[in-house]
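Line by line, the protein sequences give chains A and X.
Residue numbers for the first sequence follow the working numbering, so the first one is -7 and each next one is one higher.
Residue numbers for the second sequence follow the working numbering, so the first one is 14 and each next one is one higher.
A quick write-up on the structure given underneath.
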Amino acid sequence: MAEHETHVVDVLVIGAGGAGLRAAIEAHERGARTAVVCKSLLGKAHTVMAEGGVAAALRNVWPEDSWQVHFRDTMRGGKLLNNWRMAQLHAQEAPDRVLELEAWGALFDRTPDGRILQRDFGGHRYARLAHVGDRTGLEMIRTLQQRAVGLGIEVYMECKIVRLLRDASGAVNGAVGFYRESGSFVVFGAKAVVLASGGVGKAWKFTSNSWESTGDGHALALWAGADLIDMECVQFHPTGMVWPPSARGILVTEGVRGDGGVLRNRDGDRFMFNYIPDFYAKETADTIEEADQWYDNKKDFRRPPELLPRDEVARSINAEVKAGRGSPHGGVFLDIASRRSPEYIKRRLPSMYHQFKELADVDITAEPMEVGPTCHYIMGGVRVEADTEATTVPGLYAAGEVAGGMHGANRLGGNSLSDLLVFGRRAGLAAAEHALGTGEVALDLAQADEVIAEALAPFGRERGENPYAVHHDLQETMQDLVGIIRTESELLEADEKLDELEQRAGVVSVEGHRQFNPGWHLALDLQSMLAVARCTTRAATARKESRGGHTRDDYPNPDPELAKLNMVTRLDPSGAVTVAPEPLPEMPEELKALFDEEH
Amino acid sequence: MATLVQEAVPAGGAATSSPAETVTLRLWRGDARGGEFRDYTVENLGGEVVLDVVHRIQAEQAPDLAVRWNCKAGKCGSCSAEINGKPRLMCMTRMSSLDVSEPITVSPMRGNPIIRDLVTDVSYHFAVARRIPGFHPGPPEPDGTYRMSQVDVDRVQEFRKCIECFLCQNVCHVIRDHEDNKPAYAGPRFFVRLAELELHPLDTLDRRELAAKELGIGLCNITKCCTEVCPEDIHITDNAIIPMKERVVDARYDPIAWLGRKILRRPAPTPAAEVASLTPAGRSGEVISIEPRTPPGGPA
């Protein structure tokens, strides 16, 4: 038997970002012995990079707001591919989750009467995002981290989970991982496992995501027999940095546009006025004069086109650059300097000011920024039951970016942080209830031994390829062939290349020993990224329409029939990824009626 | 790309008419048992930060080179190291700010035990975090929410900016050169945390005795080394440590003045009885387990 340590808990949470910590807090408070495993140090998860805010209809700035309006904005932003029940729960519960954070010590910016201030963001009808300057994610993760530590929840840091374990009935009952620091293995027994592992951005070349976003949770679920949905729906955030090269992809918050920033092409034109889709024409200003009055008077004027949902803005920037009207480094200009005072910019957007000053030597209070689309978020993910976040495999739950359904084909800014809180809590609750009603865990250590042997295989191979080279080629493939604009021939080419990349990844070799060895870590992360890349490529091939973040050059329009279908990816008995369209849950009439109301 | 833009080189720096073709990093390689500096030379691509060059060395020459990083945007505080002896974030140190005509030395944070290469054992800091009783608010308004003014929030938000890079802990000479002080000393990051809670408009706990007796704030003799290295420009010494020291003195000599100051900030007065009943002692016994465990040679 391979050497390893063992821990047995009621609920194991994989991931310590917003969703994981919120799930762990809930499970603990429901009486379950709970442990959190995270791939980095506690407090460093990708949530820390969220900038703009957390969307919740608190009605502190606009009393007209309500969960119904937030729900409708979310569904429209997602091009109606959302799981309606998740979007409803999210809109209804987000305000309580934000207020709860405040009761745990979070300090949001304030209205003049001392309540939580809310800011404008793309696709949200009213100023709705509770925020802390442009570092809302840091505030959120620190608050949750300090709460979890105060409650005494067990945390296993810098630990990568390689596989989930299952009992004879197929239910998940544990996981195998290793400490990155020492390279020694650890086996967790758990009555319920919550996946809260975040996104997949590292499979693409230009991404706002950190090294951790390698799709581990998506892959763990897939390998354990769970369904994934809508993996073709990947969000390319319209404004990533494009220069200098090393900073390419780093996020520039949508808050810049919410606070008055506008997009301009090489000629200084506000080109977004040329890209207003019919779907949003009624509520979008079509002149500069009207757009500029909206910031102060939202009742009488319509919103600027710079604040269309992210998929629309990203496609427009892409088209402008392709037409030869881009900025010197292949992006467009994002200008707030000519529109707001330096004091205002520094107060509202302190980390953007800092980021551009330090990384690009650009003073955003005096010059425009150069920006372009960057791979940011995956709307698709593990298929879950809306109320409990239970996956299709017993004992396995998923919340946050790793789960699918909530955001449909495109996520609105600010809806991610609220998603983490609402569904993190619900997953923790359901996992705890499941665990407390389940008998003792019977771990199958032979299964664990197999996993450990497989994970160590790269050390035993000689003269295999360097995992960094395989990762580089995977990123090139996904960026070029499964990027922001897709077409069938390229998707099929990508699928073939993935065959080759899988073969190469299967024979990489690793130098050195097991202690903190990044080459080895990448060799294992590659397995997750390849699984995700395959799901995205096949689902993208199957969805023959353009919808939200999924844009097909060969099918440029939405297809009303495909609006009723999820693309479900799962493994067939031979281990191959298959895609099957399955009907979306049907929205009840009273919610459908919300879409007919005039606003 | 044809339109490669030349980076500005600061006056008096290593300005040459054209950028050097190669750069050399002198990286510390080794583990708790010992190690050595090794030189790695790569192409000078321009527009890079130190972490980019470290990553290229990893991808091309030393795949097992251990380095911690996450966001590469100065927001997570993972990639702390000493660059030419100066504690910095690798992701926020531009190559153009360094003299590349000489090898650039990158070594692990000296204040922490070494794990491997540039990765150090930061478990001490996570252990200290557990010793500080968390936020404990007073009762909310009748509608169940809280009211705070922006000016009160601003004061604390300076401290909430902390990204926990632990550079301040690394340079604090109370522990940098005196491992034996660690059990009785929290360090600048956690004095910032104490100040944050002390100034939080809603918090009701009194942690001043803890700060003085168990967390050793008196050992700090305000040399401001921590403030100088803070990548978030938090005025650690002036805004956090010195006011905390003053409040600790208040606690001993003038508890009424302290209570008055704490209560006056709030829109709704907090009953004194409640403040008195919420001593830290009730919560300080909680223990949590944060992995990974301290390796051999780590702090006691």
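Glycine included, each C-beta is placed from N, C-alpha and C at the ideal position.
None of these values were measured; they are calculated from a predicted model.
Short CB-CB distance (under 8 Å) between residue i and chain X
| i | result |
| --- | --- |
| Leu40 (chain A) | Reading the sequence as shown, one finds Val at residue 40 (chain A) and not Leu. Output row for Val40 (chain A): interface = yes. |
| Gln507 (chain A) | yes |
| Asp32 (chain A) | Per the sequence shown, residue 32 (chain A) should be read as Ser rather than Asp. Yes, its Cβ sits closer than 8 Å to a Cβ of chain X. |
| Asn458 (chain A) | yes |
| Val141 (chain A) | yes |
| Ala119 (chain A) | no |
| Ser238 (chain A) | yes |
| Val354 (chain A) | no |
| Pro573 (chain A) | no |
| Arg107 (chain A) | yes |
| Met202 (chain A) | Note on residue identity: the sequence assigns Ser, not Met, to residue 202 (chain A). Chain X contact via Cβ: present. |
| Asp327 (chain A) | no |
Short CB-CB distance (under 8 Å) between residue i and chain A
| i | result |
| --- | --- |
| Tyr159 (chain X) | yes |
| Glu61 (chain X) | yes |
| His213 (chain X) | yes |
| Phe203 (chain X) | no |
| Lys88 (chain X) | yes |
| Ala281 (chain X) | Low per-residue confidence applies at Ala281 (chain X): pLDDT is 39, beneath 50, and the placement is therefore not dependable enough to give any value. |
| Gln71 (chain X) | yes |
Residue i (DSSP reduced to helix, strand or coil)
| i | result |
| --- | --- |
| Gly43 (chain X) | strand |
| Arg258 (chain A) | coil |
| Tyr53 (chain X) | strand |
| Glu457 (chain A) | strand |
| Phe415 (chain A) | helix |
| Val474 (chain A) | coil |
| Gly48 (chain X) | strand |
| Thr118 (chain X) | strand |
| Tyr336 (chain A) | helix |
| Gln60 (chain A) | helix |
| Val154 (chain A) | strand |
| Leu34 (chain A) | coil |
| Asn558 (chain A) | strand |
| Asp208 (chain A) | helix |
| Asn83 (chain X) | coil |
According to DSSP, residues forming a beta bridge with residue i
| i | result |
| --- | --- |
| Met233 (chain A) | A:Val363 |
| Tyr369 (chain A) | A:Gln227 |
| Tyr159 (chain X) | Note: Tyr159 (chain X) sits in no beta bridge, so no partner. |
| Asp327 (chain A) | A:Val254 |
| His542 (chain A) | A:Arg539 |
| Ser93 (chain X) | X:Leu102 |
| Tyr389 (chain A) | A:Val186 and A:Ala382 |
Residue i to residue j span [Cα, whole Å]
| i | j | result |
| --- | --- | --- |
| Ala8 (chain A) | Thr357 (chain A) | 35 Å |
| Lys314 (chain A) | Ser330 (chain A) | 26 Å |
| Asn257 (chain A) | Gly247 (chain A) | 20 Å |
| Ala281 (chain X) | Asp278 (chain A) | At Ala281 (chain X), the pLDDT of 39 sits below 50, so the modelled position is not reliable; the number obtained from the coordinates is stated separately. Cα to Cα, Ala281 (chain X) sits roughly 48 Å from Asp278 (chain A). |
| Asp65 (chain X) | Val36 (chain X) | 12 Å |
| Ala390 (chain A) | Ser110 (chain X) | 44 Å |
| Ala208 (chain X) | Ala555 (chain A) | 53 Å |
| Lys489 (chain A) | Thr543 (chain A) | 21 Å |
| Lys31 (chain A) | Lys194 (chain A) | 15 Å |
| Glu92 (chain A) | Glu494 (chain A) | 45 Å |
| Ser136 (chain X) | Tyr148 (chain A) | 12 Å |
| Met579 (chain A) | Trp76 (chain A) | 6 Å |
| Glu56 (chain X) | Glu73 (chain X) | 11 Å |
| Asp270 (chain A) | Lys197 (chain A) | 32 Å |
| Ser238 (chain A) | Glu227 (chain X) | 44 Å |
| Gly372 (chain A) | Pro320 (chain A) | 34 Å |
| Gln227 (chain A) | Val67 (chain X) | 29 Å |
| His38 (chain A) | Val192 (chain A) | 11 Å |
| Phe415 (chain A) | Leu4 (chain A) | 16 Å |
* Decide yes or no for the touch test of the region 37 to 55 of chain A against the region 17 to 29 of chain A: beta carbon pairs closer than 8 Å, at least 3 of them. => no
* **Three or more C-beta pairs below 8 Å linking the region 270 to 288 of chain A and the region 213 to 226 of chain A** => no
* Determine contact between the region 443 to 463 of chain A and the region 513 to 525 of chain A, defined as no fewer than three beta-carbon pairs at a distance below 8 Å. => yes
* Asked: Would you call the region 154 to 170 of chain A and the region 381 to 400 of chain A touching, i.e. three or more CB-CB distances under 8 Å?
  -> yes
* To do: Tell me, please, whether the region 390 to 408 of chain A touches the region 536 to 554 of chain A by the rule of three or more beta-carbon pairs shorter than 8 Å.
  => yes
* Does the region 560 to 568 of chain A touch the region 410 to 425 of chain A, meaning 3 or more C-beta pairs lie closer than 8 Å? -> no
* To do: Count the CB pairs spanning the region -5 to 3 of chain A and the region 112 to 129 of chain A that are closer than 8 Å, and state whether there are at least three.
  => no
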